[in-house]
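Heads up: the sequence shown is residues 5 to 248, going by my numbering.
Report on one structure; see the data block that follows.
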Amino acid sequence: MKGELYVVGIGPGDEGYMTRDAGAALDKAELIVGYSLYVNLLCEQYKSKSIYSTGMGGEADRCRYALQQAASGINTAVICSGDAGVYGMASLILDLSKEYEEVDINIIPGITAALSGAAKLGAPIGNDFAVISLSTVLTPWERIEKRLKCAAEGDFAIVLYNPMSHHRPDTLKAACDIISGHTGCDRAAGYVRNIGRDEESTEVTTLGKLADMKLDMFTTVFIGSSDTGICNGKMITGRKYGIE
């Protein structure tokens, strides 16, 4: 008898951000598979489950393992921070699934950082917006540059994932410089670090000041469009409802 495979977006990690469907899938799973950091967020709540985790760079290994276990009849959940399909494991699982056609795969959506972080800052993505990761692990910087330029030229509100790391300390400043070339340095901006966790912190600022900040991979950055303003310390990207 084959098992089921759930690819589960767990949100930022706090139970309050997890959907009912995500919780139900994890309850049903006999085995939970994921990146070590994300597994640790759930270890107390699901300590009765079998666990398989790997570090950064082990994505293909753990996805194959999950598929193998599901094919052998074990109900398995692969967990992803935020949403399973937004920089998550859904695409990799589906790419590998041709080797395991007997496995029933269910993608369970979650609250991605663009949404949970936006709520902390106000309403910075209240109109059209673009989400761009600054990580160069799987995407060359030249392509990221092009996306940043196009988003700025199109006057989108912009959400930046993975703004900087020890290996690329200058990517956030480079991105801000590209965007400010089209928007100016006074554009409203902000960030949220450790969304939904004990060390959560937020700040609303400007694009010019953001360029010189030292952030990390646990931070999500928001840069407004020309329609974005700041009111009572909150970013607001309106939709021209005609209110006075």
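Glycine included, each C-beta is placed from N, C-alpha and C at the ideal position.
Beta-carbon gap between ILE148 and ALA155 smaller than 8 Å: no
One or two residues paired with GLY185 in a DSSP bridge: Note: GLY185 sits in no beta bridge, so no partner.
Selection from VAL82, ALA192, ARG68 that minimises the alpha carbon distance to PHE226: ALA192
Inter-stretch contact at 8 Å, needing at least 3 Cβ pairs: the stretch 85-104 / the stretch 66-76: yes
Member of VAL90, GLY158, HIS170 whose CA lies at the smallest distance from the CA of ASN131: GLY158
Whole runs of the beta strand (DSSP E) within the stretch 46-107, excluding any shorter than 3 residues: 54-58, 80-84
GLY92 vs GLY7 beta-carbon contact at 8 Å: no
ASP87, buried or exposed, once every other Cβ within 10 Å from all chains shown has been counted against 16: buried
Beta-carbon proximity check, VAL208 vs ILE234, cutoff 8 Å: yes
Minimum length 3: unbroken beta strand (DSSP E) runs contained in the stretch 119-199: 133-137, 161-165, 192-197
Span separating the alpha-carbon of LEU98 from that of THR23: 22 Å
Host alpha helix (DSSP H) of GLY27 (start-end): 24-32
Through-space distance from LYS124 to SER205, alpha-carbon basis: 9 Å
8 Å Cβ cutoff met for ARG66 and TYR50: no
Burial state of GLY17, where buried means 16 or more other Cβ atoms lie within 10 Å: buried
Nearest residue (CA-CA) to ARG197, options GLY188, MET239, ILE111, THR223: THR223
Bridge-paired residues (DSSP) for GLY15: GLY86
ALA26 versus SER230, ALA117, SER85, residue with shortest Cα-Cα distance: SER85
Distance between ALA117 and ALA179 (C-alpha atoms, nearest Å): 19 Å
Which listed residue (GLY188, ASP231, ILE115) has its alpha carbon closest to that of GLY200: ILE115
Cα-Cα separation between PRO167 and LYS244, rounded to whole angstroms: 30 Å
GLY38 in three-state terms, based on DSSP: strand
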